[in-house]
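Line by line, the protein sequences are chains B and V.
Going by the working numbering, the first residue of the first sequence is number 672, and it counts up by one from there.
Going by the working numbering, the first residue of the second sequence is number 373, and it counts up by one from there.
For each residue, glycine too, the CB sits at the ideal point set by N, CA and C.
All figures in this text were calculated on a predicted structure; none of them were measured in a lab.
In what follows, a single structure is set out as structure tokens and then discussed.
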Amino acid sequence: MPQQQAGGPPGWRRRAVVLLAWLLVLLCGAVVIARTQIGADLSAFLPKSPDVRQRVLIEQLQSGVASRTLMLGIEGGSTEQRAAVSRAVAKDMRESKLFDLVQNGDVGDWSEAGAWVLQHRYQLSPGVVPGQFTAEGLRDAINETLSMLGTPAGNVIKPFLDRDPTGETQRIAMELVPASAPRSEDGVWMSRAAPRALMIATTRAAGSDLDAQAVAIARVHAAYEAATRGMGATAPKLLLSGPPVFSVMSRDKIKTEAIHLAVVGGIVMGGLLLLAFASPRALVIAFLPVATGVVIGTASVSLVFGSVHGLTLGFGSTLIGETVDYAIYYLIQARGAAVAGTGWQRWRDLNWPTVRLGLLTSVCGFAALVFSGFPGLAQLGVFSIAGLVAAALATRYVLPVLAPDGATGMGMRRYMAQMAGALVRGLPRLRWPLAALGVAALALVLWQGGHLWRADLGAMSPVPKAAQQLDEMLRNDIGASDGGVLVVAYGDDEQAALRNTEAAAARLDALVEQGELVGYETVTRVLPSVAVQTARIASLPNAETLRANLAEATKGMPLPASRLGPFLADIEAARKLPPVERAELAGGPLGSILNTLMYQRPGGGWGTLVVLHPGAKFDQGRLEAALAGLPEVQVVDVGRELAGLYQRYLHEAFVQVLLGALAVVVLLGIYLRSWRRLLAVCQPLLFAVVLTLGGMALLQAALGILHLVGLLLIVAVGSNYALFFDQLRTTGRADEDTLASLMLANLTTVVSFGLIAISDIPALSSIGRVVAPGALLALLLSAAFARSVAPAKAARP
Amino acid sequence: MRLDWLCRACVLALAFCAVPAWAAFDLPELMTLLAKQKSGEARFTEQRFVHGLEGPLDASGTLSFDAPDKLVRRTLSPRIETMAVEGNTLTLSRGGRTRTLALDSMPELLGLVEAMRGTLTGDGATLQRYFRSTVSGSAAKWTLDLVPMDSRLAAQVRSMRISGRASDVLGLEMEFVGGDRSVMNITPGNAAPSSAPGRTTP
């Protein structure tokens, strides 16, 4: 691009080229954005290079059953109404094919599954071992089955007595009954604590597919509406919770909040700018760099990461809100040129280097985020860097074309300038008290130490407290065991994963015997490994042996061997059955169990989930000890792993932020080439950070990662102010208009972050609460610690 | 109505003139009697008559009870198995495997367990929640007939008859839908207190 030009506004050719290039870039950005998927899943907050357990956890969070489980409560009305609604909603949900599994306690539709289990019982039953079909084994097994006759269970068993006298079908069925289930009333699940029918459902779509989750949730609501139509005011209420609800809710909330903030922020900033410039044209121009930054930032994230996280959009736009400052600096500082149309050249020569340095320091700060191991933070970094650079370039090249002499209007800026002058003259007197305050704040922060950084992952969740409580309530009602400890087994292929699961199950059986667990659920109950199935089939005797053993076993028994022809035939048929494989099961009536408990790992291979029902004596240490030595089996404590992740996240963020700050200092040092000036620039930033932290400590706020990011922003934004005061000192020019531009820039920053501070989304408000006061402090401290830059009174009329 | 009731009372009084004090023996009184016993152990023999089988199925074992809600049935013959109920938890041990279930997740099972527990603890309210009950006999020899009200349980169990003497339960008969029957005879063990079965007149 042509750099030097004779005096006067840019030529028309240059204007056309610049504007065309700019519009083209914006258009490309818009096209990229239009094709971008906006995500909101938790995975952005998970590390890219996790250890084994974390990877298992992440798989579960992204697509595991935990991320797909909806919990429903149907509350109020009469018992009959609740049961009727539960049945109707469940029926509709099952018919929708949007769910793998819909459970409401209704056991009516097990006949198909029962027929399948009966057919494959000799492959599935743990009772099928070589000793089972000797005369003695048969006798014992038949006695066991007979012991169920003449009891309430007898009528269920009797029809199969001739085919399955050893009771393999019951054995499998018993294993499939969960050890802890909700209370059953009127044939559906009811809460033990309140008049509430309960249901759980697993969506077919992955937990990270939020659009599909939203469709599934809408379907539940529609089913509920249809079921309660005509019940009037007494109709039971629908309560809905679970990770899909949270994800969709968070996405919607972030979306509306982001729009809300953008609108309110835009109006407030617009009002400020109008007051300052009294010119709608200036207002529009001031927003151009911001808009350019947002478009390019979003497009860059989309190109680099393939998708844009909702949070990146939500507060990335705020992070680069400081770009409106660039326009303000330009519009004010390009004014008052001696020759019309040359203001932009004076700004370019005099002020652009400072803006450029401010930009570079900000980029340094955000670069730290790019190299963070967390995609969520990295996205923010890329967004901010691309956005800042694009906005600065727009300011540098586009604004001179549109407004060669800056903004014309004066508006209220005269008063702003007077106030700024008064502040700059008065603040240095407060230097020592401010320094003392800073030291006191530092002492407080150091004394509080790690306690200050005690916010946890939950503090970042945009899910409201009431929704979290509802979730906990339904979870307790259902006795959901998925909140705590999971066992995950995996392998390179399906069979390896299943064999590893069987090895883990054998050790869990011992814990069940000891009362540590009341039970567990595993996919190998319906899909044993081929090795186990083959061994079971191999233990079936041939027809002749079986006939002989059976004759001996039934001697003196009330069940004569002559009745058991169907049993002999079934065993003979079972000996020829091919092993049950995953594909066959997936299409059958037990497919839901399979889809819930077995999954294809994103990185290749297969994993299975063992859901535990802990007993009174449960101890996680003993569970881990029991499973020790099984390399491809992991015990995952969701709470502990998440807390661990967060600690790692926080630690990493600390390192990144420190590196970012160091890069800022190094950059400033290289540019300023003077320890004295470097110190003068860094001093107010350091004090602003310390005072902000001190204030947070005083208010007993629990700080987390996002506060830390906020601190980095104080440095990034504040360095602009400090540099301007440095520039004023070296050039000796401290006209009130420049001070006014600083003040206006600061005001817009404080206002926009102040708006974020009162947001409902904790992630946003924690940044706002740090940056709003911090940015103000950075300006005031820059003025206070700056010496001999105060303009002489009435230097300009 | 009142007259009718009076008449009936008179007839009953006449009918039981040999032991006039027991004329009005009813569920509350039986329950008061049963509630006295807080724990106990007993041996049982059971015969089950199942259609389609040649001859009855015999079983025997021990029973134990601890108020308010612990009940254990341990079968020793023909094979060892244990069914233990405590609170809302049912633990089944058979064939070397232990299974634990939540009782109230299976209403039909809960009904049966409550029939036993309600009788042993003298909890008439619980019994009446699940069954229509009829008491007959006297404190010295009573029978309690229970007919399930829950449709699910009623689909399996037609009726139950619990019989006893004073605070001891001595028999449990069940008749199932389809005609199968089970008859259990209970012999209180040493642990049972030897309180006199008689009662002073009210």
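Per-residue DSSP class, three states only, for residue i
i, result
"SER1152 (chain B)", "Low per-residue confidence applies at SER1152 (chain B): pLDDT is 49, beneath 50, and the placement is therefore not dependable enough to give any value."
"ARG1006 (chain B)", "coil"
"GLU1187 (chain B)", "coil"
"THR417 (chain V)", "strand"
"MET403 (chain V)", "helix"
"PRO951 (chain B)", "helix"
"LYS1136 (chain B)", "helix"
"ARG537 (chain V)", "strand"
"GLU1143 (chain B)", "helix"
"SER554 (chain V)", "strand"
"ALA393 (chain V)", "Because ALA393 (chain V) carries a pLDDT of 42, less than 50, the predicted location of this residue cannot be relied on, and no value is offered for it."
"PRO1285 (chain B)", "strand"
"LEU820 (chain B)", "coil"
"MET940 (chain B)", "helix"
"ASP1020 (chain B)", "helix"
"ASP880 (chain B)", "coil"
"SER855 (chain B)", "strand"
"MET861 (chain B)", "strand"
"LEU690 (chain B)", "helix"
"GLY1012 (chain B)", "coil"
"GLY543 (chain V)", "strand"
Bridge partners - residue i, DSSP secondary structure assignment
i, result
"SER465 (chain V)", "V:THR454, V:THR470"
"ALA1160 (chain B)", "B:THR1279, B:VAL1304"
"VAL519 (chain V)", "V:ARG504"
"LEU911 (chain B)", "B:LEU743"
"VAL444 (chain V)", "V:SER436, V:ALA456"
"GLN774 (chain B)", "B:ILE871"
"THR559 (chain V)", "V:ARG415"
"ILE1432 (chain B)", "ILE1432 (chain B) is not bridged to any residue."
"VAL935 (chain B)", "Paired residues: none, contrary to the question."
"PHE1424 (chain B)", "DSSP lists no partner for PHE1424 (chain B)."
"ASP430 (chain V)", "V:GLN419"
"GLN708 (chain B)", "B:SER978"
"TYR1270 (chain B)", "B:GLY1278"
"TRP514 (chain V)", "V:GLY509, V:GLY536"
Within 8 angstroms, strictly: CB atoms of residue i and residue j
i, j, result
"ILE1341 (chain B)", "THR1363 (chain B)", "no"
"SER477 (chain V)", "PRO823 (chain B)", "no"
"ALA1088 (chain B)", "LEU697 (chain B)", "no"
"SER782 (chain B)", "VAL859 (chain B)", "no"
"GLU1187 (chain B)", "VAL1282 (chain B)", "no"
"THR994 (chain B)", "LEU1059 (chain B)", "yes"
"VAL689 (chain B)", "VAL1072 (chain B)", "yes"
"ALA1222 (chain B)", "ALA1232 (chain B)", "yes"
"ALA1057 (chain B)", "ARG1178 (chain B)", "no"
"ARG580 (chain V)", "SER554 (chain V)", "Chain V is shown from 373 up to 574; residue 580 (chain V) falls before or after that span and cannot be answered."
"LEU1256 (chain B)", "VAL1197 (chain B)", "yes"
"LEU1339 (chain B)", "THR1032 (chain B)", "yes"
"LEU1030 (chain B)", "ARG890 (chain B)", "no"
Contact with chain C by residue i, beta-carbon distance below 8 angstroms
i, result
"VAL859 (chain B)", "Among the protein chains in the structure shown, which are B and V, there is no chain C."
Please go through the region 1210-1253 of chain B and give each complete alpha helix (DSSP H) segment of 4 or more residues, from N-terminal end onward.
Runs of the alpha helix (DSSP H) inside the region 1210-1253 of chain B: 1214-1224, 1236-1245.
Under 8 angstroms, with one C-beta from each stretch per pair, do the region 740-750 of chain B and the region 864-874 of chain B reach the 3-pair mark?
Yes, since at least three Cβ pairs between the region 740-750 of chain B and the region 864-874 of chain B fall closer than 8 angstroms, the two stretches touch.
Quick test of the definition: if touching needs 3 or more C-beta pairs under 8 angstroms, does the region 1112-1128 of chain B touch the region 1445-1456 of chain B?
Short answer: they don't touch.
Can you check the region 1296-1337 of chain B for any beta strand (DSSP E) of at least 3 residues that lies completely inside it and give the ranges in chain order?
Counting only unbroken stretches of 3 or more residues, the beta strand (DSSP E) elements lying wholly within the region 1296-1337 of chain B are 1304-1308, in sequence order.
Secondary structure, beta strand (DSSP E): runs of 3+ residues fully inside the region 738-770 of chain B
The region 738-770 of chain B contains these whole beta strand (DSSP E) runs: 740-746.
Report yes or no: do three or more beta-carbon pairs, one from the region 397-412 of chain V and one from the region 479-497 of chain V, lie closer than 8 angstroms?
Taking 8 angstroms as the limit for Cβ pairs, the verdict is that the region 479-497 of chain V does touch the region 397-412 of chain V.
Is the region 547-557 of chain V in contact with the region 529-539 of chain V, if contact means three or more CB pairs nearer than 8 angstroms?
Enough Cβ pairs lie closer than 8 angstroms, so yes.
To test your reading of the DSSP string, which unbroken alpha helix (DSSP H) runs of 4 or more residues are found completely within the region 1032-1105 of chain B?
Complete alpha helix (DSSP H) runs here, min 4: 1046-1064, 1070-1073, 1084-1097.
Pair every Cβ in the region 448-460 of chain V with every Cβ in the region 794-806 of chain B, then say whether three or more of these pairs are closer than 8 angstroms.
Taking 8 angstroms as the limit for Cβ pairs, the verdict is that the region 794-806 of chain B does not touch the region 448-460 of chain V.
For the region 1030-1044 of chain B against the region 944-955 of chain B, are there 3 or more C-beta pairs whose distance is under 8 angstroms?
Judged by Cβ distances under 8 angstroms, the region 1030-1044 of chain B makes no contact with the region 944-955 of chain B, as fewer than three pairs qualify.
Under 8 angstroms, with one C-beta from each stretch per pair, do the region 1219-1229 of chain B and the region 803-819 of chain B reach the 3-pair mark?
With the cut-off at 8 angstroms, the region 1219-1229 of chain B and the region 803-819 of chain B touch.
Does the structure place the region 1368-1378 of chain B close enough to the region 1009-1019 of chain B that three or more beta carbon pairs sit under 8 angstroms?
Short answer: they don't touch.
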